[in-house]
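Counting with numbering that gives the first Met the number 0, you get residues 0 to 548 for the letters of the sequence shown. Note that the Cβ used here is the ideal one computed from N, Cα and C, for glycine as well. Quick caveat: nothing in here was measured; it's all calculated off a predicted structure. Beneath this line is the structure, given in structure tokens, with notes to follow.
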Amino acid sequence: MDEDSKPLLGSVRAGEYYTDSLDPKQRRPFHVEPRNIVGDDVQERVSSEAAALSSRVHYYGRLTASSDRLLVPPDHVIPSPEDIYIYSPLGTAFKVQGGDSTAKNPSIVTIFAIWNTMMGTSILSMPWGIKQAGFTLGIIIIVLMGLLTLYCCYRVLKSTKSIPYVDTSDWEFPDVCKYYFGGFGKWSSLVFSLVSLIGAMVVYWVLMSNFLFNTGKFIYNYVHNVNTSDTFGTNGTDRVICPYPNLDPDGDSSTLQYYVSENSTGQVFDLWWSKTNTIPFYLIVLLLPLLNFRSASFFARFTFLGTLSVVYLIFLVTYKAIRLGFHLDFHWFDSSTFFVPEFRSLFPQLTGVLTLAFFIHNCIITLMKNNKHQENNVRDLSLAYLLVGITYLYVGVLIFAAFPSPPLSKECIEPNFLDNFPSSDVLVFVARACLLFQMTTVYPLLGYLVRVQLMGQLFGDHYPSFLHVFILNILVVGAGVLMARFYPNIGSIIRYSGALCGLALVFVLPSLIHLTSLNRRGELRWPSAVFHGFLVLLGVANLFGQFFM
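Structure follows, in structure tokens:
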């Protein structure tokens, strides 16, 4: 039976029929006259005419794969979009409800879909990034990086339109890279896309270890009535802690009086419930089996939790800022005991974080295909980036400004700003618990994307065998465990992975594709060459800046 389903002249199985597209060159439909449809009142079998048409289409499907245009079903065999039906193995036929008109989204849905896709773990590092760059310079960099990444994303979106005489309606960005640069372009885009996905999975593992640790600690303290009122960095109803007070820029230990470690709750509990020694390994039991699922459709149902988590974080930030008030003192270039300069040489750390924070370039073509009004794609993309930039600015600026200095130094702001609040804070506990559940459902989706991209290219099948998938998952999980155990700094992980994947997918490839397209059309001019060459240099400088500054 397996042999009968293989195409005679192609390498792709003919059984892969497409029913979600109305492109006559892609779908393998089953067409039945309306009188042959199973109705509610008369349970008819499929007629002989319908069966003959089904055999004819299946015959064409066996002759060749869908990628070969020579022997695909002729247009007169393909029924019109309003008469597409699915043939059931039970011998009945069902009409495909709707079409492109119902699959399209209005602009407001597209804008928030882009916003929701970009709103990832980077939002937790925005206050830390502003601290590294300086308050004033940090705001300027967020605006400039938003504009630069928006333009590069616009170039990716327009890249398929610059290819003449080729139907690019079903192309993705790797297909465009392959068209212009051959196999090197395709594999380079794939590798750097995997870097962004695996980097995100590593960050997720570190954060899940963090959130699970603090959630368990909150429950332990509540159940055993452990009073930790004397272990916070500041006094008052909304306490803030400084996990590493020795980071005071002047080496002044005066802030030590405001800090006592929270880690002492119970010797046995501390031994078996450690943020770096035990928790990262406990997560293996939960998440490794989930990664081996053949399909990730179950976890896709929980993607709406990402939106709810971001909305709750915005509420939490607003509430904390109101309660704590603003604590700002402007020192343009010199550090002080409690404040950082407005302009700091560590600003490349923020640009690295922002490269990943504004990264959506590898899937923007797919997202925009579902936009109902294609003529508004550029406007909707710009509005989505504006919304993302405002969200990052809002969270980063408010947390930085509200951080209580004095008594604590701004240097105490952590790469995950939730670490600056004690584990007994109820509102922060809710945030950590929600983010933990959300990340637990998103992590298998990221693993599924890694598997599909890598296994699909290497073996032609996204699930070649359980052994292949298990080995890949062991490697990915191992990377997360090692980072959570020895280097649980999500700010640095984000900036390194962001600068690396951004070098290719944000700055270099979109610019080179645009320049190559202009050159082939004879429209390349020196201002465009200089500007896009400058973008390439910015990407290179952004990567090297992560290692030397």
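Between the alpha carbons of I470 and N291 lies a distance of about 10 angstroms. Judged by pairs of C-beta atoms under 8 angstroms, the stretch 140-160 does not touch the stretch 328-340, as fewer than three such pairs exist. Within a 10 Å sphere around the beta-carbon of Y221 sit fewer than 16 other beta-carbons, which makes this residue exposed. The residue from M207, E522, L542 with its alpha-carbon nearest to that of T440 is M207. A distance of 8 angstroms or more separates the beta carbons of F342 and W127. DSSP places N224 in the coil class of the three-state scheme, outside both helix and strand. Under the three-state reduction of DSSP output, N369 falls in the coil class, being neither helix nor strand. When DSSP states are grouped into helix, strand and coil, N104 belongs to the strand group.
CA-to-CA, the gap between A295 and K319 works out to about 37 angstroms. Each residue's CA atom was taken as its position, placing W186 and P173 some 8 angstroms apart. The three-state reading of DSSP puts R431 in helix, counting H, G and I together.
Taking a cut-off of 8 angstroms on C-beta distances, the stretch 207-217 touches the stretch 427-447, as three or more cross pairs fall below it. In the three-state reduction of the DSSP assignment, F180 falls in the helix class.
With fewer than three CB-CB distances shorter than 8 angstroms, the stretch 163-178 does not count as touching the stretch 524-535. When secondary structure is reduced to three states using DSSP, I240 falls in the coil class, being assigned neither helix nor strand. The alpha-carbon separation between Y179 and L353 amounts to approximately 28 angstroms.
Put simply, the backbone Cα of Y391 is about 11 angstroms away from that of G119. Counting C-beta atoms within 10 angstroms of its own C-beta, H372 has fewer than 16 neighbours from the protein chains shown and is therefore classed as exposed. For C411, there is no enclosing alpha helix (DSSP H), since its DSSP letter is neither H nor E. For the alpha helix (DSSP H) assignment, the uninterrupted runs of no fewer than 4 residues enclosed by the stretch 287-369 are, from N- to C-terminal side, 296-299, 303-323, 347-356, 363-368. G181 sits exposed, since fewer than 16 C-beta atoms from the chains shown fall within 10 Å of its C-beta. Nearest neighbour of Q348 by Cα position, chosen from V108, L537, S491, turns out to be S491.
DSSP places Y495 in the helix class (H, G or I) of the three-state scheme. DSSP, reduced to helix, strand and coil, places Y486 outside both helices and strands of the structure shown, so it counts as coil.
Per DSSP, V505 lies in no alpha helix (DSSP H) and is assigned neither H nor E. Taking H531 as reference, the option from I512, A478, H461 with the minimal CA-CA separation is I512. L445 places its beta carbon less than 8 angstroms from that of L196.
Contact between K130 and I359 does not hold, since their C-beta atoms are separated by about 26 angstroms, which reaches or exceeds 8 angstroms. Scanning L514, F506, L517 for the CA closest to the CA of V539 turns up F506. Nearest to I138 by C-alpha distance, out of G215, Y219, Y393, is Y393. Taking the Cα of S192 as reference, the smallest distance to any Cα among V535, L523, L504 is reached at L504. In the three-state DSSP reduction, G145 falls in the helix class (H, G or I).
Rounded to whole angstroms, P242 and G395 show a C-alpha spacing of 19 angstroms. The distance from the Cβ of K103 to that of N375 is about 12 angstroms, inconsistent with a contact at the 8 angstroms cut-off.
Ranking Y311, L189, N472, Y495 by CA distance to the CA of C176 puts L189 first.
The three-state reading of DSSP puts L385 in helix, counting H, G and I together.
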